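Below you'll find the structure, written out as structure tokens, and then a few comments.
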Amino acid sequence: MATLIDAPPPTVAAPTSKSAGGGLGRYILIRFLLIFPTIFILVTLVFFLMRITGDPITAAQGGRLPQEQIDALVHQAGYDRNLFIQYIEYLGHIATGNFGRTISDGRPVIEMLAKFGAATLELSINAVMVALLVGIPLGMFAAHKRDKVPDAVLRMFAILCYATPVFFAGLLLKLTFSVGLGWFPVAGRASTTTELAMGRLAAPTGVYWLDALRSGNLAAFGDIVHHAVLPAVALGLLTAGVFLRLVRTNVIGTLGRDYVEAGRSRGVSEYRLVTKHAYKPALIPIITVMGLQIALLLGGAVLTETTFEWKGLGYQLAQYLTARDFVAVQGIVMLLAVIVAITNFVVDIAAALIDPRVRY
Amino acid sequence: MGTTVLEPKKKSLLNRLPVSSHIRQSVGLQRTMLLIGVVLCAVFVVAAIFAPVLAPYGYSQISDDAGSFPAQAEPGGKHLMGTTVGGYDVLSRMIWGSQTAMAVIVAAVLMSIFLGVFLGLVSGYFGGWLDRVLVVIADAIYAFPTLLVAIVMSIAINKGQSGFWGGILACGFAITAVFVPQYFRVIRAETIRLKAEPFVESAQVVGASSARIISRHIFSNATRTLPLIFTLNASEAILTLAGLGFLGFGIEPSSAAEWGFDLNKAMSDASSGIWWTGVFPGLAIVLTVVGLTLVGESINDLNDPRLRGRKAAGAKGAPGPSTAAAQSAIAANVRGL
Numbered sequence: 000m001a002t003l004i005d006a007p008p009p010t011v012a013a014p015t016s017k018s019a020g021g022g023l024g025r026y027i028l029i030r031f032l033l034i035f036p037t038i039f040i041l042v043t044l045v046f047f048l049m050r051i052t053g054d055p056i057t058a059a060q061g062g063r064l065p066q067e068q069i070d071a072l073v074h075q076a077g078y079d080r081n082l083f084i085q086y087i088e089y090l091g092h093i094a095t096g097n098f099g100r101t102i103s104d105g106r107p108v109i110e111m112l113a114k115f116g117a118a119t120l121e122l123s124i125n126a127v128m129v130a131l132l133v134g135i136p137l138g139m140f141a142a143h144k145r146d147k148v149p150d151a152v153l154r155m156f157a158i159l160c161y162a163t164p165v166f167f168a169g170l171l172l173k174l175t176f177s178v179g180l181g182w183f184p185v186a187g188r189a190s191t192t193t194e195l196a197m198g199r200l201a202a203p204t205g206v207y208w209l210d211a212l213r214s215g216n217l218a219a220f221g222d223i224v225h226h227a228v229l230p231a232v233a234l235g236l237l238t239a240g241v242f243l244r245l246v247r248t249n250v251i252g253t254l255g256r257d258y259v260e261a262g263r264s265r266g267v268s269e270y271r272l273v274t275k276h277a278y279k280p281a282l283i284p285i286i287t288v289m290g291l292q293i294a295l296l297l298g299g300a301v302l303t304e305t306t307f308e309w310k311g312l313g314y315q316l317a318q319y320l321t322a323r324d325f326v327a328v329q330g331i332v333m334l335l336a337v338i339v340a341i342t343n344f345v346v347d348i349a350a351a352l353i354d355p356r357v358r359y
Numbered sequence: 000m001g002t003t004v005l006e007p008k009k010k011s012l013l014n015r016l017p018v019s020s021h022i023r024q025s026v027g028l029q030r031t032m033l034l035i036g037v038v039l040c041a042v043f044v045v046a047a048i049f050a051p052v053l054a055p056y057g058y059s060q061i062s063d064d065a066g067s068f069p070a071q072a073e074p075g076g077k078h079l080m081g082t083t084v085g086g087y088d089v090l091s092r093m094i095w096g097s098q099t100a101m102a103v104i105v106a107a108v109l110m111s112i113f114l115g116v117f118l119g120l121v122s123g124y125f126g127g128w129l130d131r132v133l134v135v136i137a138d139a140i141y142a143f144p145t146l147l148v149a150i151v152m153s154i155a156i157n158k159g160q161s162g163f164w165g166g167i168l169a170c171g172f173a174i175t176a177v178f179v180p181q182y183f184r185v186i187r188a189e190t191i192r193l194k195a196e197p198f199v200e201s202a203q204v205v206g207a208s209s210a211r212i213i214s215r216h217i218f219s220n221a222t223r224t225l226p227l228i229f230t231l232n233a234s235e236a237i238l239t240l241a242g243l244g245f246l247g248f249g250i251e252p253s254s255a256a257e258w259g260f261d262l263n264k265a266m267s268d269a270s271s272g273i274w275w276t277g278v279f280p281g282l283a284i285v286l287t288v289v290g291l292t293l294v295g296e297s298i299n300d301l302n303d304p305r306l307r308g309r310k311a312a313g314a315k316g317a318p319g320p321s322t323a324a325a326q327s328a329i330a331a332n333v334r335g336l
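These protein sequence lines are chains X and L, in that order.
In this text, residue positions in the first sequence follow numbering that gives the first Met the number 0: the first is 0, and each later residue adds one.
In this text, residue positions in the second sequence follow numbering that gives the first Met the number 0: the first is 0, and each later residue adds one.
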């Protein structure tokens, strides 16, 4: 989604003539209420699109079971009724948190989401950390060296980050660091012993490194980090390029401001100018864009998890897609939609809190 | 987004063609990047068009007169880039893959331009409840991960499996669903801006019909940014197609070659140190996307006079945002609505 577009300092330039009175509370409320139509539209679209060509049972079992048996199953599940009635019923179920049962293994979808969501969350957090650690310093450096060789090299690097599909990046990382050099494990979230130890924990969060730290199991923590490096780098680099360009653009913008010039004339070092004076105002658009990146990140997570057999939502999604289990697919897609909608809400609020000019 | 509408004078055709005129304008590093991009794109297009001539074997060929191809043969000899587990020739599938990618891009981009531009014009010009509904739907889709939109669409179209043309169309439609909201937003924003321009008002006063105003006066002015969005989106279309293929939602291997699908099959090879089955199709994706991106970005920078290379004047001292300002303007317009 227009990932390469260096997002604008979005609202700074736009005159906020439309903001009529209101205030922060009102803004937050309106923005919060806007989540619901977004989710509702996505639920509706996904429901009808997934059902337009037939019922999920035929899709999953077609050809494997005799037709009468499929018909019986379809009838039993109520998939042969009017689609609109099913839709209303589906909405009712969702409102009460009932996403149905997966067809391939008969588990409640909600349970599956809770179990694998934590793994995806963990991967996303790791990836964002990599993206920020790589993107922000390099972006500041590129801004500092503007229009010189390092800047051109970093620009190329950013394009490469975007142009490389995460699964290809993952493949290259695996070939180099796992198979070639043997530094990191090929796949998985942890070694078997650690997985078992994590499984025995009472009230786990599901985010492994957090669980390991809470239980004071340092060996497990090391093992988890060891496994997490390659997937986090593969997914993190995808967004690192975007951050790099964004930081560069914004730092260049703020470096030209008068107050930076004033600092320079007072003898403030160039390093300090870039890292302190110009950097902080440049952060605001980064927060906004981070929100937009969540969608990119989740899409990438699906592919990264498949590449590294990281047992999260994305990995499950790929499995269920292969099994043509569209009830499960629908559940995962809906959860991701809700996450995206809520993230966008949080990001908008954060932007409004940081920069009072942001209101619409 | 300047408001100048008419070219001052007609230049020669070569000068007016989007890319070639940009090459003439560019200098230094910018020119190098644009030229690299153009060359990469040219290689891609040539490979796609002449795949039957260039590829040593067919995409699903596993034997020739001398017998079956060896499985997982190392690069060299008869198979310059080796063979896969199934005995396919990697080089051939890489070349044929460009044809699949190009077919999908053309299908997807044409469909999304047609739909997106049409909806954007109508929605922006007439406004009202139709506009509101379309904007809300487009926003909802826009915020959603592109890959998931594409997955849902390809399930809706064919339950995720099909032959060559069916697969191309399904992938095309899936990617279209991703892009329509983007074209829609841009064109709608432009239309709303143009609607208030004097030349539209004068056309209304003269009594021109809405259809005529939209098709003649607004359309030709609102679509100037399309080549840019096209190149940016073409690269994303390739990535989406590869993502779909990687998840096994592309086109069947026997009916076409598809890079993402080949990469998926190569994943299991990687653990045993077989690198050639994955690295080559992966490189094909990266190079094509880099090429398209370089062309798109260069055009974007060159279209914005503030960003155009200024060797003589010295490049320093321009405080404005340094890349994609035009895009930022579009994005800002659209986001702020």
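Note that CB positions come from ideal geometry on N, CA and C, so glycine has one too.
Quick caveat, the model's predicted, so the values are computed rather than measured.
Contact between the segment 224-236 of chain X and the segment 253-261 of chain X (3+ Cβ pairs under 8 Å): no
Neighbour list for ALA336 (chain X) in chain L, Cβ cutoff strictly below 7 Å: PHE143
Are there 16 or more other CB atoms within 10 angstroms of the CB of LEU82 (chain X), so buried, or fewer, so exposed? Classification for LEU82 (chain X): exposed.
Minimum Cβ-Cβ distance from TRP128 (chain L) to chain X less than 9 Å: no
Check each candidate in X:ALA130, X:ASN216, X:MET49, X:ARG30 and name the one with the smallest Cα separation from VAL328 (chain X). Comparing Cα positions, the closest option is X:MET49.
So the candidates are L:GLU296, L:VAL132, L:LEU147; which of them puts its Cα closest to the Cα of ILE331 (chain X)? L:LEU147
Proximity test, Cβ basis, 9 Å: LEU320 (chain X) and chain L: Output row for LEU320 (chain X): interface = yes.
Determine which residues share a DSSP beta bridge with ARG100 (chain X) and list them. Note: ARG100 (chain X) sits in a beta bridge opposite X:PRO107.
Quick check: VAL52 (chain L) and LEU286 (chain L), are their CB atoms within less than 9 Å of each other? no
Residues in the same chain with beta-carbon distance under 6 Å from ASP268 (chain L), minus the five sequence neighbours each way, listed in chain order, please. THR276
Where does PHE325 (chain X) sit, in a helix, a strand or coil, going by DSSP? helix
Interface partners of VAL289 (chain L) on chain X, CB under 8 Å: ILE158, LEU159, ALA162
Mapping DSSP to helix, strand and coil, what is PHE176 (chain X)? DSSP, read as helix, strand or coil, puts PHE176 (chain X) in helix.
Report yes or no: is there a C-beta of chain L within less than 9 Å of the C-beta of ALA1 (chain X)? In this prediction, ALA1 (chain X) scores a pLDDT of 38, lower than 50, which makes its location untrustworthy; the coordinate-derived value is nonetheless stated afterwards. It does: the Cβ of ALA1 (chain X) has a partner Cβ on chain L nearer than 9 Å.
Within 9 Å of any Cβ in chain L, is that where the Cβ of GLY298 (chain X) sits? yes
Closer than 7 Å by beta-carbon distance: list the chain X residues that pair up with VAL151 (chain L), in chain order. VAL45, LEU48, MET49, VAL332
Use the C-beta contact count for PRO164 (chain X): other C-beta atoms within 10 angstroms, 16 or more gives buried, fewer gives exposed. Counting the other Cβ atoms within 10 Å of the Cβ of PRO164 (chain X) gives 16 or more, which makes it buried.
With a threshold of 16 other CB atoms inside 10 Å of the CB of HIS276 (chain X), please say whether the residue is buried or exposed. buried
Beta-carbon gap between PHE242 (chain X) and VAL288 (chain X) smaller than 9 Å: yes
Against ALA139 (chain L), what residues of chain C qualify as contacts under a CB-to-CB distance less than 9 Å, listed in chain order? Given the protein chain composition of this structure (X and L), no chain C is represented.
C-alpha distance - ALA50 (chain L) paired with GLU304 (chain X), whole-angstrom precision: 33 Å
Are the Cβ atoms of LEU262 (chain L) and GLY281 (chain L) separated by less than 9 Å? In this structure, GLY281 (chain L) lies closer than 9 Å to LEU262 (chain L) by Cβ.
Does any C-beta atom of chain L lie closer than 9 Å to the C-beta of PHE325 (chain X)? yes
Interface partners of LEU302 (chain X) on chain L, CB under 8 Å: LEU146, GLY242, PHE245, LEU246
Going by C-alpha distance, which of X:LEU33, X:VAL133, X:ARG80 is nearest ALA139 (chain L)? X:LEU33
Three or more beta-carbon pairs under 8 Å between the segment 127-142 of chain L and the segment 196-204 of chain L, yes or no? no
Span of the alpha helix (DSSP H), counted from its first residue to its last, around ASN220 (chain L): 218-221
Cβ of TYR161 (chain X) within 9 Å of Cβ of VAL89 (chain L)? no
In angstroms with no decimal places, state the Cα-to-Cα distance between SER111 (chain L) and LEU243 (chain L). Straight-line Cα distance between these residues: approximately 18 Å.
When the cut-off is 9 Å and only beta carbons count, does ILE174 (chain L) lie next to chain X? No, no contact with chain X.
With 9 Å as the threshold, decide whether the Cβ of ASP146 (chain X) is near any Cβ in chain L. yes
For chain X, find out if any of its Cβ atoms is closer than 9 Å to the Cβ of TRP164 (chain L); answer yes or no. no
Under the rule that 16 or more other beta-carbon atoms within 10 Å means buried, what is HIS74 (chain X), buried or exposed? exposed
What are the residues of the segment 162-181 of chain X that lie near chain L, defined by any Cβ-Cβ distance shorter than 9 Å? When CB distances to chain L are screened at a threshold of 9 Å, the residues of the segment 162-181 of chain X falling below it are ALA162, THR163, PRO164, VAL165, PHE166, PHE167, ALA168, GLY169, LEU170, LEU171, LYS173, LEU174, SER177, VAL178, GLY179, in chain order.
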